[in-house]
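In UniProt numbering, the protein residues as written are 1 to 161.
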């Protein structure tokens with residue numbers, strides 16, 4: 001019997017969140033949720049899917065120390081990487097045409113559709129716009145995702161009793 005592991009795509013803001021200002025409660029909660037997701041990935045509960053797009057966007061982080069931290073975290077976490085194929089670029093262009101989603105986010109969404117089950121983002125505008133589209137991937141905020149995963153794990157434990 002083959003057990004499929006959930007494939008999770010974190011967009012760039014998720015990789016940045018552990019290094020963001022924690023005095024803002026939203027940032028703090030999202031940071032904790034992202035760290036939980038990362039720990040669960042290290043424990044083999046999820047497979048983290050990356051992309052060439054993520055690596056390119058990380059190069060744009062102006063703070064060199066933060067960029068190095070984000071890139072190192074990405075390298076440690078990701079188990080597979082979606083290559084930027086022509087079909088992904090076409091899908092991203094379609095997303096831009098049919099929504100208010102910006103170029104990088106449309107590429108993240110197209111990459112996630114190509115290789116993941118869930119896309120996590122802390123960008124609420126992106127989240128809302130993406131959830132209005134007919135997409136092939138579930139899009140969630142990390143806090144919502146962790147609560148959902150925890151709830152389903154708890155339900156499984158109750159079912160076993």
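Even glycine gets a Cβ: it sits at the ideal position worked out from N, Cα and C.
{"Check": "Would you verify that the beta carbon of residue 73 is, or is not, closer than 7 Å to some beta carbon of chain D?", "Outcome": "In the structure shown, chain D does not exist; there is a single protein chain."}
{"Check": "Residues in its own chain within less than 8 Å of residue 117 by CB, not counting five upstream and five downstream?", "Outcome": "6, 7, 8, 137, 138"}
{"Check": "Count the other CB atoms, across all protein chains shown, that sit within 10 Å of the CB of residue 50; report buried if there are 16 or more and exposed otherwise.", "Outcome": "buried"}
{"Check": "If I follow the unbroken beta strand (DSSP E) through residue 50, where does it start and stop?", "Outcome": "46-51"}
{"Check": "Compare the Cα-Cα distances from residue 144 to each of 56, 15, 31 and report the closest residue.", "Outcome": "31"}
{"Check": "Whose CA, out of 141, 17, 142, lies closest to the CA of residue 70?", "Outcome": "17"}
{"Check": "Could you check the C-alpha separation between residue 13 and residue 37 for me, to the nearest Å?", "Outcome": "14 Å"}
{"Check": "Helix, strand or coil, according to DSSP, for residue 55 in the structure here?", "Outcome": "helix"}
{"Check": "Out of 66, 96, 148, state which residue places its alpha-carbon closest to the alpha-carbon of residue 132.", "Outcome": "96"}
{"Check": "What distance in whole Å lies between the Cβ atoms of residue 77 and residue 52, which are believed to be in contact at a cut-off of 8 Å?", "Outcome": "Residue 52 to residue 77, Cβ: 16 Å. No contact."}
{"Check": "Opposite residue 78 in the DSSP bridges: which residues?", "Outcome": "48"}
{"Check": "Taking 7 Å as the cut-off, decide whether the C-beta atoms of residue 82 and residue 114 are in contact.", "Outcome": "yes"}
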